[in-house]
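Below is one structure, written out as structure tokens; comments come after it.
Number of protein chains: 2
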Amino acid sequence: MAIEHPYLMFLGDAADQLAAKVANGVRMWRPEWCVGQFRLPGCNADLGLPDMTIEEAAAAGVKTIIVGVANRGGIIPDSWVESLVRGVELGMDVASGLHNKVTEVPAIADAAKANGRKLFDVRHPTRSFDVAKGTKRPGKRLLAVGTDCSVGKMFAALAVEREMLARGMKATFRATGQTGIFIAGDGVSVDAVVADFISGATEWLCPANDEDHWDVVEGQGSLFHASFAGVSMGLLHGSQADALVMCHEPTRTHMRGLPDFPIPDLKECIALNEQCGRLTNPACKVVGVSVNTVALGDAEAKDVLAKIADETGLPTTDTFRYGAGPIVDVL
Amino acid sequence: MAIEHPYLMFLGDAADQLAAKVANGVRMWRPEWCVGQFRLPGCNADLGLPDMTIEEAAAAGVKTIIVGVANRGGIIPDSWVESLVRGVELGMDVASGLHNKVTEVPAIADAAKANGRKLFDVRHPTRSFDVAKGTKRPGKRLLAVGTDCSVGKMFAALAVEREMLARGMKATFRATGQTGIFIAGDGVSVDAVVADFISGATEWLCPANDEDHWDVVEGQGSLFHASFAGVSMGLLHGSQADALVMCHEPTRTHMRGLPDFPIPDLKECIALNEQCGRLTNPACKVVGVSVNTVALGDAEAKDVLAKIADETGLPTTDTFRYGAGPIVDVL
Numbered sequence: 001m002a003i004e005h006p007y008l009m010f011l012g013d014a015a016d017q018l019a020a021k022v023a024n025g026v027r028m029w030r031p032e033w034c035v036g037q038f039r040l041p042g043c044n045a046d047l048g049l050p051d052m053t054i055e056e057a058a059a060a061g062v063k064t065i066i067v068g069v070a071n072r073g074g075i076i077p078d079s080w081v082e083s084l085v086r087g088v089e090l091g092m093d094v095a096s097g098l099h100n101k102v103t104e105v106p107a108i109a110d111a112a113k114a115n116g117r118k119l120f121d122v123r124h125p126t127r128s129f130d131v132a133k134g135t136k137r138p139g140k141r142l143l144a145v146g147t148d149c150s151v152g153k154m155f156a157a158l159a160v161e162r163e164m165l166a167r168g169m170k171a172t173f174r175a176t177g178q179t180g181i182f183i184a185g186d187g188v189s190v191d192a193v194v195a196d197f198i199s200g201a202t203e204w205l206c207p208a209n210d211e212d213h214w215d216v217v218e219g220q221g222s223l224f225h226a227s228f229a230g231v232s233m234g235l236l237h238g239s240q241a242d243a244l245v246m247c248h249e250p251t252r253t254h255m256r257g258l259p260d261f262p263i264p265d266l267k268e269c270i271a272l273n274e275q276c277g278r279l280t281n282p283a284c285k286v287v288g289v290s291v292n293t294v295a296l297g298d299a300e301a302k303d304v305l306a307k308i309a310d311e312t313g314l315p316t317t318d319t320f321r322y323g324a325g326p327i328v329d330v331l
Numbered sequence: 001m002a003i004e005h006p007y008l009m010f011l012g013d014a015a016d017q018l019a020a021k022v023a024n025g026v027r028m029w030r031p032e033w034c035v036g037q038f039r040l041p042g043c044n045a046d047l048g049l050p051d052m053t054i055e056e057a058a059a060a061g062v063k064t065i066i067v068g069v070a071n072r073g074g075i076i077p078d079s080w081v082e083s084l085v086r087g088v089e090l091g092m093d094v095a096s097g098l099h100n101k102v103t104e105v106p107a108i109a110d111a112a113k114a115n116g117r118k119l120f121d122v123r124h125p126t127r128s129f130d131v132a133k134g135t136k137r138p139g140k141r142l143l144a145v146g147t148d149c150s151v152g153k154m155f156a157a158l159a160v161e162r163e164m165l166a167r168g169m170k171a172t173f174r175a176t177g178q179t180g181i182f183i184a185g186d187g188v189s190v191d192a193v194v195a196d197f198i199s200g201a202t203e204w205l206c207p208a209n210d211e212d213h214w215d216v217v218e219g220q221g222s223l224f225h226a227s228f229a230g231v232s233m234g235l236l237h238g239s240q241a242d243a244l245v246m247c248h249e250p251t252r253t254h255m256r257g258l259p260d261f262p263i264p265d266l267k268e269c270i271a272l273n274e275q276c277g278r279l280t281n282p283a284c285k286v287v288g289v290s291v292n293t294v295a296l297g298d299a300e301a302k303d304v305l306a307k308i309a310d311e312t313g314l315p316t317t318d319t320f321r322y323g324a325g326p327i328v329d330v331l
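If you read the sequences in order, they're chains R and H.
Taking the UniProt record's numbering, the leading residue of the first sequence gets 1, the next gets one more, and so forth.
Taking the UniProt record's numbering, the leading residue of the second sequence gets 1, the next gets one more, and so forth.
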């Protein structure tokens with residue numbers, strides 16, 4: 001896929017900051033790639049980047065316009081289409097995280113064709129994959145797993161990659177969701193792949209590499225999530241993880257989207273991930289816990305970390321808030 | 001989907017009996033629906049049904065032509081297209097289990113449109129599904145699971161349905177693969193669904209029903225298959241199975257398609273399926289083992305069944321060869 005940076009962050013008329021969550025994540029992890037933001041009248045989101053017109057972005061050398069925003073009602077409004085067409089005419093690619101494909105908006109598709117520009121719908125895999133082979137391949141892999149969806153698996157993986165790179169280790173973040181793909185410039189929306197190819201797509205995503213290279217794979221869902229556990233299972237088998245980081249959000253009272261399902265016991269969740277992971281890598285082991293403490297004050301957060309470290313016997317940190325040092329130490 | 005019977009079994013120029021495996025399965029389980037077979041010059045398969053021309057099939061009241069055969073090189077040859085178009089013109093629907101879609105062959109699609117006939121590509125889901133809710137629904141469900149792919153899960157489910165119906169129980173076979181769909185006349189190719197919707201599609205497939213009704217769900221893959229475990233996991237969660245039947249092939253030396261992977265230990269496989277199944281149904285339990293003894297003589301088969309019954313402490317039979325009685329007894 002290979003999305004080229006620098007990026008213009010397209011916010012359109014985002015209703016609020018939450019609607020620009022994807023753009024926010026990209027800006028947080030790849031600030032050096034984000035040269036400006038584009039906002040239409042009525043936009044209530046702000047990434048703290050310089051506001052730019054499409055023309056200014058082109059002049060500033062932007063290579064790709066990133067549509068990292070949720071649109072209302074699933075329809076791409078005319079005002080967005082007009083701006084994106086203008087961007088393509090000025091030589092920029094468009095990468096979108098919308099459910100509705102920009103490649104299926106005739107005006108945008110025609111403009112891209114006429115101007116030789118690329119369009120990326122990152123939620124929708126465009127290539128096909130082989131069935132997973134399960135064959136061990138060189139290189140090391142770490143996968144972020146979780147007790148639930150949206151507990152900070154992407155943040156944990158990125159924090160681990162950052163810490164590894166800071167220590168001079170060889171590491172590559174491997175993206176499996178839309179925000180991650182914008183951050184990596186590449187990747188596969190694994191949950192959008194045809195079911196038979198979940199682990200095959202994952203094998204493709206983190207291929208053979210140097211023996212001392214770490215692929216740091218973004219996880220999805222949870223083996224304990226009644227809607228999405230199949231995706232989590234395929235990721236676990238396909239990544240052939242040497243190391244797992246268990247991600248957890250301690251204030252959550254039930255599984256995301258499933259009010260009748262309690263959050264699983266951490267130790268049970270660790271045990272099941274290790275058991276299933278060992279099918280394709282007998283050395284698979286949870287090496288640490290990353291706790292998302294965003295809802296807690298500093299003292300409270302540290303109490304929770306100490307409690308979980310004690311309970312699991314594993315290095316426990318909020319990889320985003322306090323860094324991934326204690327986890328990378330053990331690798 | 002609702003494929004109407006009676007069927008004409010279309011064998012084309014199948015190279016050998018194995019190429020007509022799907023058609024064979026349909027003929028075996030729904031002989032009363034299969035009024036004839038259609039063979040082109042060079043066909044080396046034979047279902048033991050009366051040979052019919054397309055015209056004779058139409059005159060005999062056939063509602064649907066079933067393309068239950070593997071084609072060479074993935075291409076639908078002109079000779080097939082011609083015959084299928086003729087069938088559509090004579091008022092029959094076409095249901096195909098080919099990877100290549102008959103709906104994408106212009107001559108067939110045009111003829112279907114012009115004649116108001118339906119085309120079914122049963123490997124390719126045509127509807128979209130909701131994300132699984134995980135909410136308990138009325139009715140009982142049994143799911144066939146396995147130590148590997150292709151160990152007889154569909155046969156076991158059909159044998160259980162047959163036994164239940166023979167005893168006057170309410171039961172419906174629910175198909176999750178192409179052969180099963182022809183046999184049921186309906187179903188979902190669960191492994192072809194987008195990964196996020198595996199368990200959602202399964203919930204749709206076996207919806208709320210009478211409290212004393214059994215959905216008997218065809219399983220796919222194995223939690224221990226490195227390529228397909230994600231599909232198996234989603235099926236297990238989506239079916240909310242009260243009862244699991246563990247299917248096993250005792251002569252197999254490694255996992256299908258994965259020469260480096262041994263067949264899992266039966267008791268370990270039972271334990272993991274029960275553990276994962278309890279996420280959406282705390283009562284989930286393996287109630288019996290169905291052993292595919294097709295490769296064994298009668299005495300040897302009975303020895304193996306006794307050994308496995310002893311090892312697992314569960315009713316153990318070859319549901320196809322000896323009937324599903326011992327398993328239905330415990331429900």
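The C-beta atom is built at its ideal place from N, Cα and C for all residues, glycine as well.
Rounded Cβ spacing between residue i and residue j (contact assumed at less than 8 Å)
i, j, result
"residue 13 of chain R", "residue 41 of chain R", "7 Å"
"residue 108 of chain H", "residue 81 of chain H", "6 Å"
"residue 158 of chain R", "residue 198 of chain R", "Contact flag wrong, Cβ pair sits at about 22 Å."
"residue 223 of chain H", "residue 273 of chain H", "6 Å"
"residue 239 of chain H", "residue 162 of chain H", "At roughly 19 Å, the Cβ-Cβ gap does not stay under 8 Å, so residue 239 of chain H and residue 162 of chain H are not in contact."
"residue 97 of chain R", "residue 62 of chain R", "The pair is not a contact, with the Cβ atoms about 17 Å apart (cut-off 8 Å)."
"residue 290 of chain R", "residue 245 of chain R", "5 Å"
Interface partners of residue i on chain R, CB under 7 Å
i, result
"residue 22 of chain H", "None at all; the shortest Cβ gap to chain R is about 17 Å."
"residue 237 of chain H", "226, 229"
"residue 190 of chain H", "195"
Option in the options with minimal Cα separation from residue i
i, options, result
"residue 332 of chain R", "R:66, R:299, R:232, R:275", "Outside the shown range of chain R, which is 1 to 331, sits residue 332 of chain R, and nothing can be said about it."
"residue 115 of chain R", "R:296, R:91, R:56", "R:91"
"residue 37 of chain H", "H:112, H:48, H:44, H:29", "H:48"
"residue 129 of chain R", "R:75, R:202, R:71, R:60", "R:202"
"residue 10 of chain H", "H:74, H:295, H:52", "H:52"
"residue 270 of chain R", "R:155, R:314, R:100, R:194", "R:314"
"residue 33 of chain R", "R:45, R:50, R:77", "R:50"
"residue 257 of chain R", "R:150, R:72, R:287", "R:150"
"residue 178 of chain H", "H:26, H:18, H:15", "H:26"
"residue 243 of chain H", "H:329, H:28, H:61", "H:329"
"residue 1 of chain H", "H:104, H:205, H:59", "H:205"
"residue 279 of chain H", "H:136, H:18, H:124, H:61", "H:136"
"residue 143 of chain R", "R:16, R:234, R:228, R:166", "R:234"
"residue 111 of chain H", "H:124, H:126, H:94, H:146", "H:94"
"residue 73 of chain H", "H:99, H:89, H:64", "H:99"
"residue 334 of chain H", "H:79, H:287, H:44", "Residue 334 of chain H lies beyond the residue range present for chain H, which begins at 1 and ends at 331; the question has no answer from this structure."
Closer than 9 Å at the beta carbon, the chain R residues around residue i
i, result
"residue 199 of chain H", "226, 227, 228, 229, 230"
Contact set between residue i and chain H, taken where Cβ atoms lie within less than 7 Å
i, result
"residue 233 of chain R", "229, 230, 233"
Heavy atom of the ligand GDP within 7 Å of residue i beta-carbon
i, result
"residue 146 of chain H", "With respect to small molecules bound, the structure shown includes none, and the ligand GDP cannot be examined in it."
Chain A contact for residue i (CB, 8 Å cutoff)
i, result
"residue 144 of chain H", "No chain A is present in this structure, whose protein chains are R and H."
Taking beta-carbon pairs under 8 Å, can you tell me which members of the region 257–282 of chain R lie near chain H? 257, 258, 260, 261, 272, 275, 276, 279, 280
Closer than 8 Å, Cβ to any Cβ of chain H: which residues of the region 211–230 of chain R, in chain order? 223, 224, 226, 227, 228, 229, 230
Give the list of continuous alpha helix (DSSP H) stretches no shorter than 4 residues that lie fully inside the region 198–225 of chain R. 198–205
Restricting to runs no shorter than 3 residues, where is the beta strand (DSSP E) found entirely within the region 32–56 of chain H? 34–39
Closer than 9 Å between beta carbons: that is the criterion. Which residues of the region 132–149 of chain R meet it against chain H? 132, 133, 134, 135, 136
Chain R contacts made by the region 62–86 of chain H, where a contact means CB separation under 8 Å: none
Starting from the N-terminal side, write out each stretch of the beta strand (DSSP E) that is 3 residues or longer and does not extend beyond the region 110–169 of chain H. 119–121, 140–146
Along the chain, which unbroken stretches of the alpha helix (DSSP H) at least 4 residues long are found entirely within the region 293–328 of chain R? 298–312, 319–322
3 or more residues per run - each beta strand (DSSP E) lying fully within the region 63–88 of chain R: 64–67
Complete beta strand (DSSP E) runs within the region 225–276 of chain R (minimum length 3 residues, chain order): 243–248
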